[in-house]
Amino acid sequence: DPAPPILSVNNIEVIYDHVILVLKGVSLTVPKGGIVAILGANGAGKTTTLKAISNLLHSERGEVTKGSIEFDGGRIDRLSPNELVRRGCIQVMEGRHCFGHLSIEENLLTGAFTRRDGRAAIRDDLEMIYNYFPRLKQRRNSMAGYTSGGEQQMCAIGRAMMSRPKMILLDEPSMGLAPQVVDEIFEIVKDLNTRQGVSFLVAEQNTNMALKYATYGYILETGRIVMDGAADALRDNEDVKEFYLGIG
Ligand code: ATP
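Shown next as structure tokens:
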């Protein structure tokens, strides 16, 4: 039997600026403990889907106008991003967003802002994160702004892990990074998934890479899911090969 869902997005519609219909009824499911990919070209609506889930559309004048979103057994449609983090759902935004003027370690510690379980537990988790990301340990005292793109992406994921999430929404982790570095990052994501039980929803233009690590994928085209399936089935699909596997 498939695992029960940790996240279900049911037929959501998103409108920007009151008139621009960008998501036209998107439904998707992330099973507990899964790594699910949202694939599609630039502008298909991947970022919008993730921001709809984490309720981050207001600052962009976007709004979910239809549908519902459930996480870990409850509706989350109206919850603030901070409340969502407390419940275990956190987004790592596209472009990494580390604080450039803080050290890697300070960046990681900012990820614990919603926690109330004290310094010792937070220190333990810092060590746990350094175990998964040895490069962050080496660079712990470096200003994030002076570290490489790959290290900043690792820092952003590590910081999200500091909130003890059940699920991470990961937006375009491969962006601007060399294939070898992307592999390194996805290997760690897979490890966090297997050993820490964190579920992932990953938006990626890099179909090859995403389908190598995800268990299931959805393909988005101009605001609609046009295909979905197990990762290996998508990899073998002729249309996917023709239209998507050349990309990235
Ligand atoms: P990318 O890889 O560039 O992030 P994406 O698949 O994530 O692409 P979105 O960023 O979700 O796509 O954008 C989907 C559509 O919504 C695009 O046509 C985009 O121009 C439009 N869009 C995004 N943000 C806004 C906004 N704030 N106001 C109006 N339209 C927007």
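The sequence shown maps to residues 15 to 262 in the UniProt record's numbering. Ideal Cβ placement from N, Cα and C applies to all residues, glycine included.
Between the alpha carbons of Arg-89 and Asn-121 lies a distance of about 30 Å.
The straight-line gap separating the alpha-carbon atoms of Val-36 and Gly-59 is approximately 7 Å. Counting along the chain, the unbroken alpha helix (DSSP H) around Phe-200 starts and ends at 193-210. Inter-residue distance for Ala-55 and Leu-184 is about 16 Å (C-alpha atoms, whole angstroms). Within the stretch 152-193, the complete beta strand (DSSP E) segments at least 3 residues long are 181-185, listed from N- to C-terminus. When the beta-carbon positions are compared, Ile-171 and Val-99 stay at least 8 Å from each other. Of the candidates Tyr-258, Val-23, Asn-222, the residue whose Cα lies closest to the Cα of Ser-82 is Val-23.
In terms of Cβ geometry, Met-176 and Arg-149 do not form a close pair [threshold 8 Å]. With fewer than three CB-CB distances shorter than 8 Å, the stretch 113-129 does not count as touching the stretch 200-217.
Ser-117 has its alpha-carbon roughly 22 Å from the corresponding atom of Ser-188.
Taking 8 Å as the cut-off, the beta carbon of Ile-26 is found closer than this to the beta carbon of Ala-66. In the displayed model, Lys-46 falls within coil according to three-state DSSP, outside both helix and strand. Looking at the backbone, the Cα of Glu-84 and that of Ser-41 are separated by about 11 Å. Per DSSP, the continuous beta strand (DSSP E) segment holding Tyr-232 begins and ends at 230-235. Within the DSSP bridge table, the entry for Asp-242 names Tyr-232 as partners. Looking from the CA of Gly-125, the closest CA among His-32, Ala-174, Ala-245 belongs to Ala-174. Taking non-hydrogen atoms of ligand 1 into account, the C-beta of Ile-118 is found less than 7 Å away from none of them. Counting along the chain, the unbroken beta strand (DSSP E) around Leu-21 starts and ends at 19-30.
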